[in-house]
Amino acid sequence: MSRYIAQRLIESIIVLFVMSFVIYALIGLMPGDPVDLMISANPRATAEDAARLRALYGLDRPIGERYLAWLGAALQGDLGYSRLNSRPVLEVLWPRLGNTVALMGVSFILAILLALPCGIVAALRPRTATDTSINLVAFAGISVPPFWLAILLIILFAVVLGWLPAGGMPPSGAGLGAQAAYLALPVATLTIVTVGGIVRFVRAAMIEALRQDYVRTAWAKGLGERQVVLGHVLRNAMIPVVTILALNFGALFSGALITETMFGYLGMGKTIYDAILGNDFNLALVGLLLATATTLLANLAADLCYTWLDPRITYK
Amino acid sequence: MTARLAAILCAAVLGLSVATMARAAELKIGMSQFPSSFNPHFDAAVSKSYALQMTQRPITAYDQNWELICLLCIEIPTLENGLAKLETLADGGQGIAVTYRLQPEATWGDGTPVTSADMVFTWEAGRHPKSGFGNFEVFRRILAVDVIDEKTFTLHVDRVDFTYSSAPFEVLPAHMERPVFEADPAAYRNRSTYETDTTNPGLAFGPYRIVEVVAGSRIVLEPNPTWWGKAPGFERITLLIIENTAALEANLLSGAIDMIAGELGVTIDQALAFEKRHGDRFNIIYKPGLIYEHVDLNSANPILTDKRVRHALIYGLDREALNRTLFGGKQPVAQTSVSPLDWVYDPDVPSYDFDPERAKALLEEAGWMPGADGMRQNANGERLTLELMTTAGNRSRELVSQVLQSQWRELGIDARIRNEPARVFFGETVAKRKFTGGAMFAWVSSPENVPRTTLYSDQIPTVENNWAGQNYSGFANAEMDAVIDAIEIELDREKRKALWSRLQRLYAEELPIIPLYWRANSFILPKWLKGVRPTGHLNSTTLWVEDWYAEGR
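And the structure:
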């Protein structure tokens with residue numbers, strides 16, 4: 438097992454190297470460059486100013502040369518400065534990573550806590566009023582556009598009722614209550630749009646598992662519903678669900694662009710998006726690599742989970 | 032248990048509301064962008080100037096009446112008052128020596144006086160080849176800075192042009208920035224105290240100073256005790272960054288912010304819709320300014336080389352109706368690239384009122400006759416097809432382009448819309464003149480801004496000049512070049528105004544660009560807020576923030 442994990446980790450490092458070049462090249466090949474953006478709001482900037490700045494920042498060099506320079510510095514621990522924030526990249530990313538983990542983590546846990554019982558109940562009572570109601574709510578969650586839901590929640594809870602802040606980040610030194618208040622609406626938005634998909638997966642996997650011979654055998658042995666459902670059906674049904682959850686877990690670190698934008702929440706999604714649009718090479722690259730690394734690790738964790746869920750699976 | 036939880040939640044929410052209401056002397060401003068830098072000389076951005084103009088002041092600036100005034104100096108230097116003097120340069124050319132006297136009481140927030148040494152340092156840093164200042168050319172043109180005394184200095188400039196009175200750059204605090212700069216000029220951009228210690232009081236000499244920055248989220252300012260002018264009206268000003276304009280509105284209605292900055296807030300259509308719903312609760316000011324929406328016509332297209340076609344295109348547009356219908360009449364129709372608010376504007380320049388019959392006649396004169404399907408074609412059977420491009424996702428521009436397309440189709444012109452994301456449109460299509468017909472976008476300018484980069488023939492981007500220049504329409508006219516050259520060096524106001532008139536007439540006659548309208552900023556203010564006076568140019572309202580006060584809040 439440890440050899441398998443080591444092999445997967447080495448593969449992940451290779452993937453990260455390849456991805457770093459692909460991302461760098463893609464951003465570099467986009468039309469325009471940082472100097473265009475720097476001078477766009479400056480009516481006094483001349484063509485000479487633009488040419489001089491391009492030379493100063495090395496933007497007149499071939500992209501391969503620029504990538505190698507970045508890689509050399511990165512391997513020595515220098516990830517560079519963020520152009521859009523005028524600060525070291527990690528200094529920009531760490532707090533936002535923390536914000537994203539808080540936002541996505543809470544909504545992820547809430548979504549699982551809601552989706553598992555709903556999916557199980559729906560699967561155990563297929564084509565009943567309960568199943569139909571759960572499906573209806575799940576489809577509503579899947580279908581609702583997050584930007585619309587966010588505005589709706591802001592209007593209801595911030596404008597009409599005045600209970601919660603409409604957006605932004607809590608003031609410095611804010612207590613846990615204030616922090617929770619600022620997090621409430623973004624978490625609610627994300628949870629609502631995420632939970633439906635997981636409910637549908639849990640329901641489908643449970644129905645599939647309920648049809649298996651070993652479940653019939655378990656019923657025939659006279660086991661109670663709780664033992665059959667939780668001990669036999671759910672455990673086997675979790676294998677496909679874990680795959681989906683692992684993919685969703687990767688998003689924990691890449692953020693939720695629309696929700697973050699709507700609530701003015703400083704997370705990874707908006708940071709990476711702005712960095713790409715603003716030609717902030719260093720920030721975009723490190724942010725995307727972080728998201729890639731998390732997805733790779735989450736998938737490795739999911740593969741390891743399979744061995745726990747199904748002892749027949751082994752890795753060599 | 033449930034009841035207790037609900038009680039705790041209610042208490043937390045109520046506590047939060049009470050805490051928010053207690054800040055009576057605070058003004059909370061919503062805006063849509065966070066500055067990428069706090070150093071005045073890197074990354075020009077409206078968001079930065081909005082914040083920094085509360086903390087420090089340029090030496091001279093255009094005021095709300097578009098007059099050049101002193102802010103950090105005490106007298107505008109002119110040839111007449113002797114503070115500016117023509118001088119002969121070492122190479123025999125003519126230069127000018129301009130002397131400024133700084134406000135005697137101007138003091139940085141840490142108690143260090145603002146002096147000529149600050150000016151000398153800023154000049155040295157700006158012209159250093161590795162410093163990366165945005166306007167290197169401005170610094171390069173200053174050959175020397177003579178310190179007369181602590182508060183008086185003279186700039187020796189390598190050429191004479193009519194802008195000589197206007198101080199070319201803002202000062203940096205030498206006592207804080209010089210050591211950082213001298214340690215490594217190439218790293219100064221990122222290591223400037225403005226970036227590493229933004230709340231340092233030594234960076235401010237204006238009415239407010241920055242006391243808190245949460246990157247991407249908020250900037251908090253409080254009165255600066257060393258400010259020498261009128262006492263500011265608020266104990267605290269908080270700039271809250273909310274990028275989504277719908278969320279910006281919701282925040283305003285919920286009371287999370289008091290006002291929306293006109294310089295960086297909602298678009299005009301959103302403001303008009305907001306006014307209909309909530310106009311009774313807020314003062315909404317629409318201020319047209321120096322953002323000029325237009326359609327660049329690519330002169331490389333043989334159809335567009337014919338002046339009659341260009342004239343037909345503008346005669347066929349009902350721009351007044353467009354302004355009335357889409358923008359509630361708040362964005363005045365442009366006749367040329369010179370704003371009606373600018374003193375050099377000539378109201379007698381020929382204008383193109385909506386006249387579809389004349390447009391049709393011009394097209395027919397140019398050989399474009401209606402075909403069987405109503406679209407025009409020439410004697411060779413070639414269809415009169417023009418591509419119209421603009422930025423995808425910009426709602427106002429997309430609506431305008433649809434109106435333009437529809438009105439041109441009425442004339443028999445097969446106008447086809449092909450929009451692109453802003454990044455591609457500006458970075459590739461416009462910059463490399465790849466649009467085949469018209470490209471709709473805006474220019475941002477300043478008062479009496481000479482259109483050298485946009486109209487001079489040597490500013491046409493080409494492969495040979497590595498796509499330098501912004502004359503995207505490819506306009507080349509010897510008389511226009513001569514007029515631009517003449518305006519720049521004409522110091523006599525009356526003579527210069529005559530040259531500006533000629534420039535506007537040439538622009539209107541040749542019509543390399545179709546003028547559309549002057550974009551307006553929408554300021555949504557609480558009724559109790561007084562003293563906010565939009566300028567219409569690039570200087571933000573915050574440059575006079577000490578005049579803002581609350582009345583009957």
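Chains as they are written, first to last, in the working numbering: chain L, 438 to 753; chain X, 32 to 584. Glycine included, every Cβ here is placed at the ideal spot set by N, Cα and C. For clarity, every value in this text was computed on a predicted model and none was experimentally measured.
* Can you give me the Cβ contacts of Asp177(X) inside the same chain, cut-off strictly under 6 Å, excluding the 5 residues immediately before and after it? => The residues Thr185, in chain order, have a CB closer than 6 Å to that of Asp177(X) in the same chain once the five nearest residues on each side in sequence are set aside.
* To do: Examine chain X for any beta-carbon lying closer than 7 Å to the beta-carbon of Glu485(L), and answer yes or no.
  => It does; some Cβ of chain X falls within 7 Å.
* Taking the continuous alpha helix (DSSP H) assigned at Glu274(X), which residues delimit it? -> Element bounds for Glu274(X): n/a, residue is neither H nor E.
* Spatial neighbours of Arg54(X) within its chain, please: CB distance less than 6 Å, with the 5 preceding and 5 following residues excluded, ordered by chain position. => With a pLDDT of 37 at Arg54(X), under the threshold of 50, the modelled position of that residue is not reliable, and the figure given next carries that caveat. Apart from sequence neighbours up to five positions away, no residue of its chain approaches Arg54(X) with a beta-carbon distance below 6 Å.
* How long is the line joining the alpha carbons of Leu660(L) and Val574(L), rounded to whole angstroms? -> Distance between the alpha carbons of Leu660(L) and Val574(L): 32 Å.
* To do: Report all residues from its chain with a CB closer than 7 Å to the CB of Val678(L); omit the five preceding and five following residues, and keep chain order.
  => If we look at Val678(L) and ignore the five residues flanking it on each side, its Cβ neighbours are Phe638, Val639 and Ala642.
* Go ahead and pull the three-state DSSP assignment for Ala453(X). => Reduced to three states, the DSSP call for Ala453(X) is helix.
* Is it the case that the Cβ atoms of Lys59(X) and Glu577(X) are separated by a distance below 7 Å? -> Contact: no.
* **Proximal residues of chain X, C-beta to C-beta of Thr698(L) below 7 Å** => Per Cβ cutoff of 7 Å: Glu274 and Asn275.
* To do: Name, please, each residue of chain L whose Cβ falls closer than 7 Å to the Cβ of Phe212(X).
  => Those within 7 Å of Phe212(X) in chain L number zero; the least Cβ separation is about 15 Å.
* To do: Label Gln664(L) either buried or exposed according to how many other C-beta atoms from any shown protein chain fall within 10 Å of its C-beta, with 16 as the threshold for buried.
  => It counts as exposed.
* **Close beta carbons around Leu486(X), own chain, < 7 Å, minus the five adjacent residues each side** => Shown here for Leu486(X): same chain residues with a beta carbon closer than 7 Å to its own, the five before and five after excluded, namely Asn502, Phe506, Met511 and Ile515 in chain order.
* Asked: Name the DSSP beta bridge partners of Lys561(X), please?
  -> As DSSP reads the structure, Lys561(X) sits in a beta bridge with Tyr580(X).
* Going straight from the alpha carbon of Leu741(L) to that of Leu684(L), what length do you get? -> Roughly 14 Å separates the two Cα atoms.
* Asked: Can at least three beta-carbon pairs, one atom from the segment 218-228 of chain X and one from the segment 105-112 of chain X, be found at a separation below 8 Å?
  -> They do not touch, by the three-pair rule.
* **Closer than 7 Å to chain L by CB, Phe506(X)** => At a cut-off of 7 Å, the C-beta of Phe506(X) has no neighbouring C-beta in chain L.
* Asked: Quick one: what does DSSP say Leu540(L) is sitting in, helix, strand or coil?
  -> Helix.
* Span of the alpha helix (DSSP H) around Tyr504(L) -> Following the DSSP letters along the chain, one finds Tyr504(L) inside the alpha helix (DSSP H) bounded by residues Ile500 to Leu512.
* To do: Note down the Cα distance separating Arg249(X) from Leu534(L), rounded to an integer number of angstroms.
  => Each residue's alpha carbon lies about 18 Å from the other.
* Under the three-state DSSP convention, the category Lys338(X) falls into -> DSSP places Lys338(X) in the helix class (H, G or I) of the three-state scheme.
* To do: With a 10 Å radius around its C-beta and 16 neighbouring C-beta atoms as the bar for buried, classify Phe454(L) as buried or exposed.
  => It is exposed - the Cβ of Phe454(L) has fewer than 16 other Cβ atoms within 10 Å.
* Cα-Cα separation, Met52(X) to Gly514(L) -> Low confidence applies here, because Met52(X) scores a pLDDT of 39, under 50, leaving its location unreliable; read the following figure in that light. Distance between the alpha carbons of Met52(X) and Gly514(L) is about 46 Å.
* Please check if any C-beta of chain L sits within less than 7 Å of the C-beta of Gly586(X). => The question about residue 586(X) has no answer, for chain X in this structure spans 32 to 584.
* Measuring CB to CB, does Asp717(L) end up less than 7 Å from Leu466(L)? -> For Asp717(L) and Leu466(L), no; Cβs fall outside 7 Å.
* Do the segment 258-278 of chain X and the segment 524-539 of chain X make contact, defined as three or more Cβ pairs closer than 8 Å? -> Because the criterion of three Cβ pairs below 8 Å is not met, the segment 258-278 of chain X and the segment 524-539 of chain X do not touch.
* **Closest by C-alpha distance to Ala529(X), when choosing among Asp379(X), Val431(X), Asn450(X) and Asn70(X)** => When each option's Cα is compared against that of Ala529(X), the closest is Asp379(X).
* **Nearest candidate by alpha-carbon position, reference Asn255(X), set Val77(X), Leu234(X), Ile272(X) and Ala246(X)** => Nearest C-alpha to Asn255(X) among Val77(X), Leu234(X), Ile272(X) and Ala246(X): Leu234(X).
* What is the C-beta distance between Tyr93(X) and Pro108(X), in whole angstroms, given that I count them as a contact (C-beta under 8 Å)? -> Not a contact, Cβ separation roughly 16 Å.
* To do: Would you list, in chain order, the members of the segment 587-604 of chain L that have their beta-carbon closer than 8 Å to a beta-carbon of chain X?
  => Considering only beta carbons, the part of the segment 587-604 of chain L lying closer than 8 Å to chain X consists of Ala587, Ile588, Ile591, Ile592, Ala595, Val596, Gly599, Trp600, Leu601, Pro602, Ala603 and Gly604, in chain order.
* **Selected residue, minimal CA-CA separation from Ser594(X), among Glu441(X), Gly424(X), Arg440(X) and Met420(X)** => Nothing in the structure corresponds to residue 594(X), since chain X is present only between 32 and 584.
* Simplified DSSP state of Thr628(L), which is helix, strand or coil -> Residue state, collapsed to three classes: helix.
* To do: Anything in the segment 488-519 of chain L with a Cβ closer than 8 Å to a Cβ of chain X? List those residues in chain order, please.
  => Against chain X - using a Cβ distance shorter than 8 Å - the residues of the segment 488-519 of chain L are Ala488, Arg489, Leu490, Leu493, Tyr494 and Tyr518.
* Within this structure, are the beta carbons of Asn332(X) and Thr416(X) separated by less than 7 Å? -> In this structure, Asn332(X) sits away from Thr416(X), with a CB-CB distance that is not shorter than 7 Å.
* Hey, does Ile451(L) have any beta-carbon neighbour from chain X nearer than 7 Å? -> By this cut-off, Ile451(L) is not an interface position.
* Report the three-state DSSP secondary structure of Leu547(X) (helix, strand or coil). => Here Leu547(X) sits in strand by DSSP.
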